[in-house]
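Here's the structure, in structure tokens; my notes come after.
Residue numbers (the numbering used here): 24 to 398.
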């Protein structure tokens, strides 16, 4: 008891103890959240070979679930429609692989020559050809002196086992196995029809929760499928435009470049850069002058810029508008976690998360942050 004020000492210390306890609880809660996030990210990285095909199969099923329901209302069973979709995907993959296999392998083999050609033409422009000739002369003199010496020859072994083509050949069986798994899993998801939604309704405890869960599921399906279908149409148009433009510029294999542009444009930002670099490199070793190669690169860049700045925003619509900075961060994160497939799935996963945020009150501020201008 504090005799001067008549207040017990324990009563004075109680607010301080409570505040300290609340602060400790907040720190502990934040630490638990951080540990949980690290554990989830680590698990996703470790299980990449399994998780990536599963997520990709579900994304493809979201795209084609609408056509499956449309066919079911007209009397066609889901397994029949799913089988047709699966066969169509297999045919498309085989056709794309057949068209791109030979040109891409040749581009990979020619990559060192492309680099040397770039260096040579840039040196010609900068006016240092004389220095290069002098260096070549000195190298020849050194080689002649070495040949006239009495030293024993040294055997040089070039190991090309780690070349790009070897790397692709080693990883090809895994890629094929994962592709087959994705297509088969997508088929079973589509063939099961509304089974997922029925099970989702059954596990919800109340009618309000059932209604909310179904609404979230349908909204995710609608938004993701709308985005992927729109992007596929845009990429097809871009591939057609690139193929026609490069054919007019006398580039070899314009069909292969069109297909490459179609595939690469599924990767935001990075795909366009890769396309410009590849087209410039191939043009550099096939077209007569550097200016011709620059025209090819500028044409490819201009087409992707028009697509990214005007066509995609107009076709996809403002209701799917996303924060550009968040898209870039998402692409970088998933690329770090899952490599190329992570970049491809980054935006669909971001769209899914934004839809979830719009239906959960505590996450609505995050949904607003993920939205683009005007949202």
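We treat Cβ as the ideally placed atom computed from N, Cα and C, and that holds for glycine.
| Asked | Found |
| --- | --- |
| Buried or exposed by the 16-neighbour rule on C-beta atoms within 10 Å, applied to residue 179 | Residue confidence is low: residue 179 scores 47 on pLDDT, short of 50, so the model does not pin down where it sits. No coordinate-derived value is stated. |
| C-beta contact flag for residue 291 and residue 352 at 8 Å | no |
| Cβ-Cβ distance between residue 346 and residue 395 below 8 Å | yes |
| Reference residue 201, options 74, 355, 358, closest by Cα | 74 |
| The segment 116-130 in contact with the segment 269-286 per 3-pair CB rule at 8 Å | yes |
| Top-ranked residue by Cα proximity to residue 91, from 234, 379, 108 | 108 |
| Residue 384, buried or exposed, once every other Cβ within 10 Å from all chains shown has been counted against 16 | exposed |
| Exposure label - residue 241; buried when at least 16 CB within 10 Å | exposed |
| Span of the alpha helix (DSSP H), counted from its first residue to its last, around residue 330 | Where residue 330 is concerned, there is no enclosing alpha helix (DSSP H), given that its DSSP letter is neither H nor E. |
| Continuous alpha helix (DSSP H) stretch holding residue 383: start and end | Looking at the DSSP string, residue 383 is not in any alpha helix (DSSP H), and its letter there is neither H nor E. |
| One or two residues paired with residue 345 in a DSSP bridge | 394 |
| Inter-residue Cα distance where the pair is residue 227 and residue 131 | 53 Å |
| Buried or exposed (CB count within 10 angstroms, at least 16 for buried), residue 267 | exposed |
| Buried or exposed (CB count within 10 angstroms, at least 16 for buried), residue 257 | buried |
| Closest Cα partner of residue 317 within the set 333, 328, 332, 300 | 300 |
| Contact check, residue 87 vs residue 261, beta carbons under 8 Å | no |
| For residue 249, the three-state DSSP class (helix, strand or coil) | helix |
| Length of the line joining the Cα atoms of residue 298 and residue 369 | 19 Å |
| Same chain only: Cβ atoms within 6 Å of residue 83, ignoring 5 sequence neighbours per side | 209 |
| Residue 273, enclosing alpha helix (DSSP H) - first and last residue | From DSSP, residue 273 is part of no alpha helix (DSSP H); its letter is neither H nor E. |
| Alpha-carbon to alpha-carbon, residue 49 and residue 392 | 24 Å |
| Exposed unless 16 or more other CB atoms sit within 10 angstroms - verdict on residue 174 | With a pLDDT of 49 at residue 174, under the threshold of 50, the modelled position of that residue is not reliable, and the figure given next carries that caveat. Exposed: under 16 other Cβ atoms inside 10 Å. |
| Beta strand (DSSP E) runs contained entirely in the segment 215-247, provided each spans 3 or more residues | none |
| Which of helix, strand or coil DSSP assigns to residue 48 | helix |
| Outcome for residue 128 when other beta-carbon atoms lying within 10 angstroms are tallied against a minimum of 16 | exposed |
| Length-filtered (4 minimum) alpha helix (DSSP H) runs lying within the segment 278-330 | 293-309, 313-329 |
| Residues of its chain near residue 169, where Cβ-Cβ distance is below 6 Å and the 5 sequence neighbours each way are ignored | Its pLDDT being 49, under 50, residue 169 is placed unreliably in this model, and the value from its coordinates should be taken loosely. Once the five neighbours on either side are set aside, residue 169 has no close Cβ partner at all. |
| Other residues of its chain near residue 367: CB distance less than 7 Å, five sequence neighbours each side excluded | 289, 290 |
| Euclidean distance between Cα positions of residue 244 and residue 339 | 15 Å |
| Status (buried if at least 16 other CB within 10 Å, exposed otherwise) for residue 54 | exposed |
| Local Cβ density within 10 Å of residue 365, reported as buried at 16 or more and exposed below that | buried |
| Beta-carbon separation (whole angstroms), residue 310 vs residue 273, contact threshold 8 Å | 7 Å |
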